[in-house]
Amino acid sequence: MDVVFFRDVNDEEIKMAGDVWENHIKVDHPEMTVEIIGNVLKTPSVVCSSQHENMKNYKLYYQGPWKNKMEKKRYFRVVVKICNDGNWISTAHTRSSVSCGIILFQEGK
429 MDVVFFRDVN DEEIKMAGDV WENHIKVDHP EMTVEIIGNV LKTPSVVCSS QHENMKNYKL
489 YYQGPWKNKM EKKRYFRVVV KICNDGNWIS TAHTRSSVSC GIILFQEGK
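At position 48 of the sequence shown (counting the first as 1) the number is 476 in the numbering used here, and the numbers step up by one without a gap.
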């Protein structure tokens with residue numbers, strides 16, 4: 429896989445490098461699939477900026493909550509870095525809560 433192209437909820441192009449998928453997400457976060465990532469970007473519950481100082485150029489896309497096999501609340505999260513050459517996925521995984529800076533989009537609002 430070279431580069432996978434997605435469109436987010438605002439119809440912005442987001443790219444995922446093949447090595448990010450093969451060497452990071454697929455290995456470290458096997459619960460994620462390319463289809464789930466595309467769905468989270470296209471139909472998120474919340475999109476926000478990061479609250480961390482070292483992640484000012486990132487958008488966080490959340491979808492959920494849903495319950496995992498152990499009945500614990502989880503959210504899918506896709507982390508996108510905003511770069512001069514486009515928007516690139518840096519990771520995708522599940523989280524137990526939404527951690528936001530500024531809310532940029534919220535479902536139903």
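Ideal placement from N, C-alpha and C gives every residue a C-beta, glycine not left out.
Opposing strand residues paired with residue i [DSSP bridges]
i	result
residue 515	442, 510
residue 491	504
residue 448	None; residue 448 has no bridge partner.
residue 521	505
residue 432	444
For residue i, three-class secondary structure by DSSP
i	result
residue 497	coil
residue 526	coil
residue 437	coil
Residue span of the beta strand (DSSP E) that contains residue i, given as start and end
i	result
residue 531	531–534
residue 478	That residue, residue 478, is in no beta strand (DSSP E); it is neither H nor E in DSSP.
Endpoints, alpha helix (DSSP H) assigned at residue i
i	result
residue 462	462–470
Candidates the options: closest to residue i by CA position
i	options	result
residue 503	464, 481, 537	464
residue 448	460, 439, 536	460
residue 494	518, 526, 530	526
residue 484	471, 490, 507, 496	507
residue 489	433, 432, 511, 531	531
residue 455	434, 469, 520	520
residue 512	442, 434, 438	442
Same chain, Cβ closer than 6 Å to residue i, five either side skipped, listed in chain order
i	result
residue 467	none
residue 535	473
residue 453	460, 520
Residues near residue i in its chain [Cβ-Cβ closer than 8 Å; skip 5 each side]
i	result
residue 524	500, 501, 502, 503
Own chain, CB closer than 7 Å to residue i, minus 5 neighbours either side, in chain order
i	result
residue 440	515
residue 492	473, 502, 503, 504
residue 470	435, 436, 437
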